[in-house]
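Here the structure is laid out as structure tokens; the discussion comes afterwards.
In the working numbering, the protein residues as written are 370 to 679.
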């Protein structure tokens, strides 16, 4: 099959791309103009790298021409800063995605897999682990725009017969995650700890999250592309809650060096506890996380130390 991956150059997209390449698919990877390919591709790998503006209908059309399906990984905002400019969030994410969906209808393209946010669309959990049926009351614009896109995917499936699968993803981590994006506790903790710098923690360290290893996430996307059932929305996480204190203890154990902790006042937008019920993905797609946090961290830290040593 031929797929276009919007946002295929990041640490999530590149891992998904590598998995789909191994499975024999042809890919067109769409990225921003300043993003260079994350590696060299062999001629036998059937990969086309193109750049453009996600908000340009022309660029979207060129990217989607001749493809069998879409993987939508693009987000122009971050959860903690998205409330600063909700209009920008809507214009660059929701409206741009609607343009994409209109082009799908025009091209009679059916399959789309969208990355949503299991950490923000639900808001403050009323029950744990959080199932897909949980109320959706996001407290940040990032989560609201993700949820709006989910709703439009459903609308277009009803109106035009597209076949969307939304993955509400927990907190991803793994190889190739960039430190400078200010997103991802594990990447930040590993980089600071490896450099012998203290780790700043907002609150008392009991904030608990669900962390999903990027290779497990790539496998979920592969399963979603092949899925032909009736469900449209799946939680994708490890299904286990891990506190920041426990996370730092694991990093300390793997690095085998003490980590200084600096505790700062908690932030009002931090949901105290969130971890996902991923049983629906297991039942419907045959997917479940294969890496526990310690094993995934071990692989991530080995990659990071090797990468920074180069």
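Just so it is clear, CB atoms sit at the ideal spot from N, CA and C, and this is done for glycine as well.
Take residue 371, set aside five residues on each side of it, and the residues of its chain with a beta-carbon closer than 6 Å to its own are 395, 436 and 437, in chain order. Following the DSSP letters along the chain, one finds residue 569 inside the beta strand (DSSP E) bounded by residues 568–571. Uninterrupted alpha helix (DSSP H) stretches at least 4 residues long and entirely within the stretch 561–642 occur at 583–595 and 613–624, given in chain order.
For residue 440, the enclosing beta strand (DSSP E) has its first and last residue at 438–441. By the Cβ-count criterion, residue 673 is buried, with 16 or more other Cβ atoms from all chains shown falling within 10 Å of its own Cβ. With respect to the C-alpha of residue 656, the residue from 407, 663, 594 and 429 having the closest C-alpha is 594. Annotation for residue 459: 514 place their beta carbon closer than 7 Å to its own, counting only its chain and skipping 5 residues before and after. Judged by DSSP secondary structure, residue 385 falls within the alpha helix (DSSP H) whose first and last residues are 380–391. Between residue 574 and residue 619, the alpha-carbon positions lie close to 14 Å from each other. Collapsing the DSSP output to three states places residue 497 in coil. Shown here, residue 664 sits in a helix according to DSSP, grouped into three states. Straight through space, the alpha carbons of residue 650 and residue 634 are spaced by roughly 37 Å. In the same chain as residue 498, and ignoring 5 residues on each side of it, the C-beta atoms closer than 7 Å to its own belong to 608, 644, 645 and 646, in chain order.
Scanning 580, 482 and 391 for the CA closest to the CA of residue 615 turns up 580. Judged by beta-carbon spacing, residue 393 lies beyond the 8 Å limit of residue 386, meaning their Cβ atoms are not closer than that value.
In this structure, the CA atom of residue 532 is about 47 Å from the CA atom of residue 630. Here residue 638 really is in contact with residue 509; their C-beta atoms are around 6 Å apart, less than 8 Å. Looking at the backbone, the Cα of residue 599 and that of residue 521 are separated by about 17 Å. With respect to residue 560, residue 511 sits apart: the two C-beta atoms are not nearer than 8 Å. Separation of the CB atoms of residue 623 and residue 667 is rounded to 6 Å, and the pair is thereby assigned contact status at 8 Å.
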